[in-house]
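Heads up: the first sequence begins at 1 in full-length UniProt numbering, then just goes up one per residue.
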Amino acid sequence: MKIASYNVNGINGRLPVLLRWLKEAKPAIVCLQELKTTSDKFPLNAINAAGYSAIWHGQKSWNGVAILSRKEPLNETRRSLPGDRTDTNSRYIEAIAHQIVIGCIYLPNGNPYPGPKFDYKLKWFKRLSAHAKKLLAHDVPVMLVGDYNVMPTELDVYKPEKYIDDALFRKETRAAYQRLLKQGWTDAIRYKYPDKRIYTFWDYLRNAWGRDAGLRLDHFLLSPQLISRLKAVGVDKHVRGWDKTSDHAPVWIELKTK
DNA sequence: ATGCCCGGAGCGTCCGGA
């Protein structure tokens, strides 16, 4: 069973690319980020026609998350993180499918550092960690999937020295990610490839794709119950080379069906 | 130090992204 994550950077503008990739990759579950559309403009008909059901939480212009499922029904468990009722950003949606709790995450970018956006990023991270801890305590299979906007280590950045004061690589950001892992989560991509340079994002600027100047930002955090079921992981890197493509590539993991 | 490229909103040219 393949579960994928894809920051589409605008689901309506990206629809042809998304549909082409769905047809090719056939994931059972897909977590999408950066829909950049209101909920009423979510392209449900096209997604349904491609063979997927969906739950989504949109927002005008920015953010927006969705979970797609090929066969199994999605039972939505929440559509925001607890801990701040004033936060109106659509950055989290969660459902149960295949007896797995699946949290779809679009963590704030946080640039520029320092400033209120960076503070918001760290606050959001704290709320995520608090919720993640509760999920682990339930002792059910859980995965927290999506665009974390964090390069966890120097291996995840094409040129680490350029990113020292970037919100995605600041020591506070990396520390927050490590604290989250320490609860008992496993970064599935890194677990399978401890020493490999793997990127999931290439900026549109400065010919980043052509130079392979990438970042690893999209992560799968697995609860302990899922580790023994992890068969394979990968990045559909070629999709980043398509016309009118996102700046992220789809990332996926393959689990043994229980 | 700045612009470089994109999508969205909306119609000139911003903002936010990472």
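Every residue gets a Cβ at the ideal spot worked out from N, C-alpha and C, and that includes glycine.
Remember, it's a predicted structure, so these values are computed and weren't measured experimentally.
Quiz item: So VAL251 is in the beta strand (DSSP E); what residue range does that whole segment cover?
Solution: From DSSP, the beta strand (DSSP E) with VAL251 extends over 251-255.
Exercise. Under 8 Å Cβ to Cβ from LYS121, same chain only, skipping five residues before and after it: list those, please.
Key: Same-chain partners within the cutoff: LEU107, PRO108, ASN109, GLY110, ASN149, ALA167 and THR173.
Practice problem: Keeping to the same chain, check which residues put their C-beta closer than 8 Å to that of SER129; ignore five residues upstream and five downstream. | Solution: Excluding residues within five positions, the ones whose Cβ falls inside 8 Å are ALA176, ARG179, LEU180 and GLN183.
Practice problem: Kindly indicate which three-state DSSP category HIS98 falls into: helix, strand or coil? | Solution: In this structure, HIS98 counts as coil in the three-state DSSP scheme.
Quiz item: Sorted by chain position, which residues of the same chain lie with C-beta nearer than 7 Å to SER61's C-beta, five sequence neighbours on each side aside?
Solution: Excluding residues within five positions, the ones whose Cβ falls inside 7 Å are LYS36.
Quiz item: Nearest CA to the CA of SER5: which residue from GLY13, ALA46, GLY58 and SER69?
Solution: Closest option to SER5, judged by alpha-carbon separation, among GLY13, ALA46, GLY58 and SER69: SER69.
Quiz prompt | Reference LYS26, options THR38, LYS2 and VAL17, closest by Cα | solution = Residue LYS2 is the option with its Cα nearest to LYS26.
Practice problem: Would you please state the rounded distance, in angstroms, between the beta carbons of ILE100 and PRO141? I believe it to be under 8 Å. | Solution: That pair is a contact at about 5 Å.
Practice problem: Determine, using beta-carbon pairs with one atom in the segment 238-251 and one in the segment 7-23, whether at least three such pairs fall under 8 Å. | Solution: Contact between the segment 238-251 and the segment 7-23 is present, because at least three Cβ pairs lie under 8 Å.
Quiz prompt | Enclosing beta strand (DSSP E) for THR77 [first to last residue] | solution = Following the DSSP letters along the chain, one finds THR77 inside the beta strand (DSSP E) bounded by residues 75-78.
Practice problem: Measure how close the beta-carbons of ASN75 and ALA50 come, nearest whole angstrom, since I'm counting them as under 8 Å. | Solution: Contact between ASN75 and ALA50 does not hold, since their C-beta atoms are separated by about 21 Å, which reaches or exceeds 8 Å.
Quiz item: In terms of alpha-carbon separation, which member of HIS138, ILE55 and HIS131 lies closest to ASP84?
Solution: Comparing Cα positions, the closest option is HIS131.
Exercise. Express the C-alpha separation of GLU24 and LYS117 in angstroms, rounding to a whole number.
Key: The C-alpha of LYS117 lies about 37 Å from the C-alpha of GLU24.
Quiz item: Is ASP40 helix, strand or coil when you go by DSSP?
Solution: ASP40 falls in the helix class under three-state DSSP.
Quiz item: Is the beta carbon of ALA213 less than 9 Å from the beta carbon of TYR158?
Solution: In this structure, TYR158 lies closer than 9 Å to ALA213 by Cβ.
Quiz item: Which residue comes first and which comes last in the beta strand (DSSP E) that contains SER53?
Solution: Note, SER53: beta strand (DSSP E), 53-57.
Quiz item: Secondary structure at residue 260, three-state DSSP: helix, strand or coil?
Solution: Since the first residue shown for the chain is 1 and the last is 258, residue 260 is missing from the structure and cannot be characterised.
Exercise. Could you check what DSSP says for THR173 in three-state terms: helix, strand or coil?
Key: Helix.
Practice problem: Taking only the alpha-carbon atoms, compute the straight-line gap between THR257 and TRP124 and give it to the nearest angstrom. | Solution: If you take the alpha carbons of THR257 and TRP124, they lie about 33 Å apart.
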